[in-house]
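What follows is one structure encoded as structure tokens, with my remarks underneath.
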Amino acid sequence: MAGQLDLIDPQKRLETFEKISSEGLLGVSKETVRGNEYYVFSESPDNLLGYYQLGLTHGEWTHVVFEDQQIPYSETLSRSYQLANSLQNIYGIEKGDKVAFSMRNYPEWMFAYMAVTSIGAVAVPLNSWWQGDELEYGLNNSESKLFIADQDRLERLGDKCPEIKRISVRSENPDHSDIDFYKVIENQNKTLDNEVAVSPDDDASIMYTSGSTGHPKGVVSSHRSVMFAPFYWIALQTLLKESSDEDNLGIMGEGDQAAVLVSVPLFHVTGSHAIFLLSIPVGRKTVLMHKWDPEVALDLIEREKISDFTGVPTMSYELVEAQKKNPRDISSLRGLNGGGAARPPEQVKEMRENFKDTSPGIGYGLTETNALAANNAGDLYSEKPSSTGFPLPKLIDLKIVDDDGNDLGTNEIGEVCIRGACNFKNYWKNQDATDEVLDDEGWFRSGDLGLLDSDGFLYIKDRKKDIVIRGGENIACLEVEAAITEHPSVLEASVFGIPDERLGEKLATVVSCREDQMIDEVELSGFLASKLAKFKIPEFMKFQTEKLPRIASGKIAKKQLREEAVSTIGK
Numbered sequence: 001m002a003g004q005l006d007l008i009d010p011q012k013r014l015e016t017f018e019k020i021s022s023e024g025l026l027g028v029s030k031e032t033v034r035g036n037e038y039y040v041f042s043e044s045p046d047n048l049l050g051y052y053q054l055g056l057t058h059g060e061w062t063h064v065v066f067e068d069q070q071i072p073y074s075e076t077l078s079r080s081y082q083l084a085n086s087l088q089n090i091y092g093i094e095k096g097d098k099v100a101f102s103m104r105n106y107p108e109w110m111f112a113y114m115a116v117t118s119i120g121a122v123a124v125p126l127n128s129w130w131q132g133d134e135l136e137y138g139l140n141n142s143e144s145k146l147f148i149a150d151q152d153r154l155e156r157l158g159d160k161c162p163e164i165k166r167i168s169v170r171s172e173n174p175d176h177s178d179i180d181f182y183k184v185i186e187n188q189n190k191t192l193d194n195e196v197a198v199s200p201d202d203d204a205s206i207m208y209t210s211g212s213t214g215h216p217k218g219v220v221s222s223h224r225s226v227m228f229a230p231f232y233w234i235a236l237q238t239l240l241k242e243s244s245d246e247d248n249l250g251i252m253g254e255g256d257q258a259a260v261l262v263s264v265p266l267f268h269v270t271g272s273h274a275i276f277l278l279s280i281p282v283g284r285k286t287v288l289m290h291k292w293d294p295e296v297a298l299d300l301i302e303r304e305k306i307s308d309f310t311g312v313p314t315m316s317y318e319l320v321e322a323q324k325k326n327p328r329d330i331s332s333l334r335g336l337n338g339g340g341a342a343r344p345p346e347q348v349k350e351m352r353e354n355f356k357d358t359s360p361g362i363g364y365g366l367t368e369t370n371a372l373a374a375n376n377a378g379d380l381y382s383e384k385p386s387s388t389g390f391p392l393p394k395l396i397d398l399k400i401v402d403d404d405g406n407d408l409g410t411n412e413i414g415e416v417c418i419r420g421a422c423n424f425k426n427y428w429k430n431q432d433a434t435d436e437v438l439d440d441e442g443w444f445r446s447g448d449l450g451l452l453d454s455d456g457f458l459y460i461k462d463r464k465k466d467i468v469i470r471g472g473e474n475i476a477c478l479e480v481e482a483a484i485t486e487h488p489s490v491l492e493a494s495v496f497g498i499p500d501e502r503l504g505e506k507l508a509t510v511v512s513c514r515e516d517q518m519i520d521e522v523e524l525s526g527f528l529a530s531k532l533a534k535f536k537i538p539e540f541m542k543f544q545t546e547k548l549p550r551i552a553s554g555k556i557a558k559k560q561l562r563e564e565a566v567s568t569i570g571k
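Quick note on the working numbering: the sequence shown kicks off at 1 and runs consecutively.
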């Protein structure tokens, strides 16, 4: 069998892909989607309900593990059917209605996503780190009719949005909730009462993503786009295995059931698509963590025989360090995958050296592309450790453009553009923002700067958008600046990212205060605590009474402030 390095050649990748995609579940064909032709998976179900039913082919296998709970695939589906019936029969939820949910990574998150989308309603998974004002914005902006949440999220929301009914998940005192989750579903049938006609291009979800313009934008994706992602990763796994005996991603087990450890939030596309949804057709066991802890993660890898770990790159690095100090039996682990941030090339080498039977991988994608664009794994990743990889032939196209939208050549840095059936439909209630990034031919302008080498491998170099990515979380600098300047002692503030070895970036701010009204880090952090999620509160703060420096255009000299902050921290 040819070695994996043969896949560096674009022609070899195309030939291998055409071999694996000629028929069956991975068979592809061209189809017109929203006015443009794309390659799609021709045997894909029409909607997510049909997709979930693929799990019944291994109905007795364990689907979800959480603490002492072990839930088989058949029960996951029946629980989601019970909730779906409740949504229709008790709450009057109809096709196209929005249902929001926010909680820790509980099994009920999965039940909610499946139930809502099974009846043609639109799932709105809200960031579980958000505070009350942020949750209020998401609920109101999405026009959600119902909110399913755990006690912590309900307490944060408090008395806001009183018109929206609530279902409480694992809450000891559901004071702000109409009814407990299991009371809602207890008398409902375990099969669907009313099956709704849902087409591939009907809306499936609205997922909020932070951009450079302040408030998060709601990314609307169709059933087709959401399902496209897991089939794409199965095709990628198959492509890699066609060229090597290595199980580089750990997605599909051979003999033993594959198992994935959920270390990232399910409300992100990495958690929802690459972990939760991908597991269903391949029968993978999904093991939930209460919260991230590398020591606990290693214990779970050993106990549950985890084959795939997918998280932000800092997590895989922390796993390596923890394993060095206290080794466990991790012989089941095959894929050590990451996304959401860059991984330093030296970490790739260290992971290979310390996890010898495990293949590191990296992926690049956005909420707007349902987590897809490029992937790198196995020998290819070792060969090109600075690259985020390549797109699968036919299924996704990449190009690099200049500020005017002109195509750039090999190794020229410009904006990364992505085209494929994976792309979102629009930003919810924001056509102007949609038109800025999505053209008539289906190309999505990512806001990321990068280049394509002569082999078609993508390298991400920087961002055009004024956002910081801290441990995989997008933070809009404008949103944080606006919150800081609400403090009565603040004249103006500049927020930016500074390098951090563990998180990729961390948030910093320089604040100009009014004369005789100087504040400090403790006061500002306390002021922001009720306004912003904890990860959005800057970790480096500098306060001054002088005005912030400006460039010739009158804009704040953010680059200068960033350089000064990095220099100060270095001392």
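Heads up, the beta-carbon is just placed ideally off N, CA and C, and yes, glycines get one too. It should be emphasised that the depicted structure is a prediction, and the values quoted were computed from it without experimental measurement.
DSSP three-state assignment for residue i, whether helix, strand or coil
i      : result
Met1   : Note that Met1 scores 39 on pLDDT, short of 50, meaning its location in the model is unreliable; the coordinates nonetheless yield the value given after this. Looking at Met1 - three-state DSSP - the assignment turns out to be coil, as it is neither helix nor strand.
Leu192 : coil
Asp500 : strand
Glu172 : coil
His63  : strand
Ile280 : helix
Phe147 : strand
Gln11  : helix
Asn430 : coil
Leu336 : strand
Ala259 : strand
Ile537 : coil
Exposure label - residue i; buried when at least 16 CB within 10 Å
i      : result
Thr568 : exposed
Asp150 : buried
Met315 : buried
Gln11  : exposed
Leu139 : buried
His273 : buried
Ala373 : buried
Leu366 : buried
Lys384 : buried
Asn189 : exposed
Ile93  : buried
Glu572 : For the chain, the structure presents residues 1 to 571; residue 572 sits outside this window and is missing.
Asp97  : buried
Ser530 : exposed
His290 : exposed
Glu505 : buried
Glu108 : buried
Gly24  : exposed
Leu561 : buried
Gly405 : exposed
Start and end residues, beta strand (DSSP E) containing residue i
i      : result
Gln70  : 69-72
Ser446 : 444-452
Glu106 : The sequence as given places Tyr at residue 106; Glu does not occur at that position. Per DSSP, Tyr106 belongs to no beta strand (DSSP E) and is neither H nor E.
Glu318 : Here Glu318 belongs to no beta strand (DSSP E); instead the alpha helix (DSSP H) covers 313-325.
Asn411 : It is not in any beta strand (DSSP E) - Asn411 carries neither H nor E in the DSSP assignment.
Gln347 : Taken as a continuous stretch (DSSP letters only), Gln347 belongs to no beta strand (DSSP E), being part of the alpha helix (DSSP H) at 345-354.
Glu441 : Per DSSP, Glu441 belongs to no beta strand (DSSP E) and is neither H nor E.
Chain-order list of residues whose beta-carbon lies under 8 Å from that of residue i (same chain, five-residue window excluded)
i      : result
Ile460 : Ala342, Tyr364, Thr388, Val416, Asp448, Leu449, Gly450
Lys165 : Tyr91, Lys145, Leu146, Phe147, Asp178
Thr545 : Ser512, Cys513, Arg514, Glu515, Met518
Ser225 : Ala204, Asn370, Ala421, Cys422, Asn423, Phe424, Lys425
Leu300 : Leu261, Val287, Met289, Ile306
Start-to-end residues for the alpha helix (DSSP H) that takes in residue i
i      : result
Val226 : 223-243
Ser142 : 132-142
Ile119 : First-last for Ile119: undefined, no H or E at that position.
Asp299 : 294-304
Ile484 : 477-484
Ser525 : 521-528
Val184 : 181-185
Leu288 : Unbroken run through Leu288 is the beta strand (DSSP E), 285-288; no alpha helix (DSSP H).
Glu37  : Taken as a continuous stretch (DSSP letters only), Glu37 belongs to no alpha helix (DSSP H), being part of the beta strand (DSSP E) at 36-41.
Residue i: CB within 7 Å of a non-hydrogen atom of the ligand GDP
i      : result
Leu452 : Annotation note on the ligand GDP: not contained in the displayed structure, which lists no ligands.
Cβ neighbours of residue i in the same chain (closer than 6 Å, five flanking residues each side left out)
i      : result
Met1   : Note that Met1 scores a pLDDT of 39, beneath 50, so its modelled location is shaky; the value from the coordinates is reported in the next line. Contacts found: none.
Leu278 : Pro230, Trp233
Gly3   : none
Pro538 : Leu507, Ala508, Thr509
Integer-rounded CB distance, given that residue j should sit under 8 Å from residue i
i      : j      : result
Val287 : Val260 : 7 Å
Ala84  : Ala115 : 4 Å
Arg334 : Asp308 : 7 Å
Same chain, Cβ closer than 7 Å to residue i, neighbours up to 5 away in sequence not counted
i      : result
Val348 : Pro360, Tyr381, Ser382, Pro385
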